[in-house]
Amino acid sequence: MRLQTRTIHVGVDKDTAYNSVITPIYQTSTFRFTDVGVNAGYDYTRAGNPTRRALEENIASLEGGAGAVATATGMAAITTVLHLFKPGDHIVCTHDCYGGTYRLLHLYEEQFGLRLSFVNLQDQAALEAAFRPETKAVWIETPSNPLLNILDIREVARVAHGCGATAVVDNTFLSPANQRPFELGADVVVHSTTKYLNGHSDVVGGAIVAKDAGTVERLQFLANTLGQGASPFDCWLVLRGVKTLVPRMHLHEKNAAAVARFLSGHPGVRKVYYPGLATHPNHAVARRQQSGFGGMVSFEVAGGLADVHRVMRSVKVFALAESLGGVESLLEHPVSMSHASMDPALRDQAGINENLLRLSVGLEDVDDLVDDLDAALRA
């Protein structure tokens, strides 16, 4: 089956009693044993649940992995992956990662002895120089949050594998509709399912997909041990949302491209970040490894911080909010919102400045989105 068909059909047939076409919500903590030591595949929802399994099978199919683990949040997914490593292990991470990822990695460095290097992974020499004998993983975020830099997954994974390290890719910004990292050499893929996979801003969740069955089994053990599993109802919501992933992503991209082109010619805008623009420095890499450019656009407002705040306060259709990937359009200020917890020096090094705004372009009429931004920039 092709991708769009799999979003609708994979994993859903869990109801053997009544043959429902939609996966039921198995909203139970406990499952009855049929005999001593015998059950129907489940005993306790922390360890496993049919609704969660349906979502895991679906996402694993979309990404092309050996299996998946659905977690309570995107950060729970990252936390679970970090438990694949032990104190003293070294992780190389892209220097312009999501602020929450930075905060968690820094916490594990302080409290649990992981060693970290935040590196511009677009720089081949810097990438190779960052690896040490104790390096166990490279953390790839592409497109990056919020600058939408594109990393060559195949090349970074090649270097990682040459050093015996695991290549982990955060695929939240594009989803498997637009990027499939396993085909490019990744070993583990993580998602915040809150975003495009669910797509409706009504649930938080995460997912981890692994390329090999052994890693899947280990991640399942870790998620159960740490209590990271997603609830049945949340899994049902994501499973419902993912059925419309492909058509939603097409419209997200169409609207985002139009918004990016508009901003590129606006006198109130200093710079636009969107990989779909031919002027983006990584446009060629994006075209090569992605099947779409996604719905995220970032831009720098011309002027000072007061002008940035004026734009933030003036939008009407765009909501001032931190998240992304829903049907509604959102605008946020990374320095004071999503990346506020990031070390200011690292933010500056990455190029995340106070004039930068990030847009999650939704599914509204694109003329309304353009008019809204135009009015806000002219305020």
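Following this note's numbering, the residues of the sequence shown are numbered contiguously, the last one being 462.
Think of the CB as a built atom: it goes at the ideal place given N, C-alpha and C, for glycine as much as any other residue.
Bear in mind the structure is a predicted one, so any value in this text is a computation, not a measurement.
Under 8 Å between C-beta atoms of residue i and residue j
i      : j      : result
VAL394 : LEU446 : no
ASN261 : MET332 : yes
LEU414 : LEU440 : yes
LYS294 : THR90  : no
LYS97  : THR111 : no
VAL444 : GLY378 : yes
LEU305 : HIS173 : no
TYR125 : PRO133 : yes
Residue range of the unbroken beta strand (DSSP E) whose run includes residue i
i      : result
TYR356 : 352-356
LYS337 : Here LYS337 belongs to no beta strand (DSSP E); instead the alpha helix (DSSP H) covers 328-347.
THR88  : Run containing THR88: none in the beta strand (DSSP E); it sits in the alpha helix (DSSP H), 86-92.
GLU224 : 218-224
THR249 : 249-253
Extent of the continuous alpha helix (DSSP H) run through residue i
i      : result
ALA151 : No alpha helix (DSSP H) holds ALA151; the beta strand (DSSP E) holding it covers 150-154.
GLU139 : 133-146
ILE161 : 157-165
ASP431 : 427-433
VAL368 : 366-372
ASP450 : 449-461
GLY324 : 315-325
ALA209 : 207-213
Reduced DSSP category for residue i - H, G, I as helix; E, B as strand; rest coil
i      : result
CYS180 : coil
VAL391 : helix
ARG198 : strand
VAL444 : coil
GLY312 : strand
Exposed unless 16 or more other CB atoms sit within 10 angstroms - verdict on residue i
i      : result
PRO259 : buried
ARG430 : buried
SER424 : exposed
ALA459 : buried
GLY348 : exposed
ASP455 : buried
GLN207 : exposed
Per DSSP, cross-strand counterpart(s) of residue i
i      : result
ILE475 : No information on residue 475 is available, as it lies outside the stretch 84 to 462 that the chain covers here.
LEU403 : LEU414
HIS274 : ALA290
MET379 : SER443
ASP96  : In the DSSP output, where bridge partners are listed per residue, ASP96 has none listed.
THR362 : None; THR362 has no bridge partner.
TYR125 : Answer is none; TYR125 lacks a bridge partner.
VAL384 : VAL352
Distance cut-off 7 Å: residue i Cβ against heavy atoms of the ligand MN
i      : result
SER412 : Summarising the ligand content, the structure contains no ligands, and the ligand MN is consequently not present.
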